[in-house]
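Residue numbers (the working numbering): 2 to 207. Heads up, the thing below is written out as structure tokens.
See below:
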């Protein structure tokens, strides 16, 4: 059962009909929900697809919302990241297939990533990332260097980070770009059972 706490007055729960799959290259999973007719109106108009064809540009202002643990005792509050440092720091279109720089709770695999300066922490993983200027969904949170280098919390350090610096790939936050999620879905589509392949095709066509 999956619960969407912000739909309706008291949240809406539905069943998972089936799991299509999970792909670590994009740290991405895809499921099919079994939504009764009586609950369809709760979901109408609330979904948004990834911007599969959008190249991530350096300096793009970002926004993400999640339940990260930093300054959030008990993870009770929804944390919004949209300050001036919450932007892309890697070079335009520069994606790296990288291991997890989290030394406290590292993931056991590599995933495609771009680098950003948003204040994410444990609990944000899987949250959507949006281009703050256009509202497009450009990726999903994967990980961040944890614990953080204190310098990352200073504007002076971030303002002087050159896109060619290796520190961009070891000390900041990392998000799987929508373009890579799209590539994964296209690559697995031909190998899926007919119904699942049609579902993936419909998602990519939206």
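Glycine included, each C-beta is placed from N, C-alpha and C at the ideal position.
### Query
Where do the ends of the beta strand (DSSP E) carrying residue 3 lie?
3-5
### Query
With a Cβ-Cβ cutoff of 8 Å, do residue 3 and residue 34 count as a contact?
yes
### residue 88 - partner residues in DSSP beta bridges
62
#### Entry: Which of helix, strand or coil DSSP assigns to residue 100
coil
### Message
Taking a contact to mean a Cβ-Cβ separation below 8 Å, would you say residue 126 touches residue 144 in this structure?
### Response
yes
### Message
Quick check: what's the CA-CA separation for residue 101 versus residue 39?
### Response
Per the coordinates, the alpha-carbon of residue 101 lies some 42 Å from the alpha-carbon of residue 39.
#### Entry: Three-state secondary structure assigned by DSSP to residue 39
helix
### Message
When you compare the segment 116-133 with the segment 75-92, are there three or more beta-carbon pairs, one atom per stretch, that lie closer than 8 Å?
### Response
With a cut-off of 8 Å, the segment 75-92 and the segment 116-133 count as touching, because enough Cβ pairs lie within range.
### Query
Looking at C-beta atoms only, is the number of pairs between the segment 138-153 and the segment 173-187 that lie closer than 8 Å three or more?
yes
### Query
Counting Cβ pairs, one atom from each stretch, are 3 or more of them under 8 Å apart for the segment 5-20 and the segment 175-193?
no
### Task
Could you tell me which residues DSSP pairs with residue 30 in its beta bridges?
23
### Message
Can you confirm whether the segment 193-201 touches the segment 19-38 when touching is taken to mean that 3 or more C-beta pairs between the two stretches lie within less than 8 Å?
### Response
Judged by Cβ distances under 8 Å, the segment 19-38 makes contact with the segment 193-201, as three or more pairs qualify.
### Task
Put residue 110 into one of helix, strand or coil per three-state DSSP.
The answer is coil: DSSP assigns residue 110 none of H, G, I, E or B.
### Task
Please list the segments of the alpha helix (DSSP H) lying wholly inside the segment 141-204, counting only runs of 4 or more residues, in order along the chain.
156-160 and 179-189
### Message
Check whether the segment 43-52 and the segment 62-76 are in contact - that is, three or more C-beta pairs closer than 8 Å.
### Response
no
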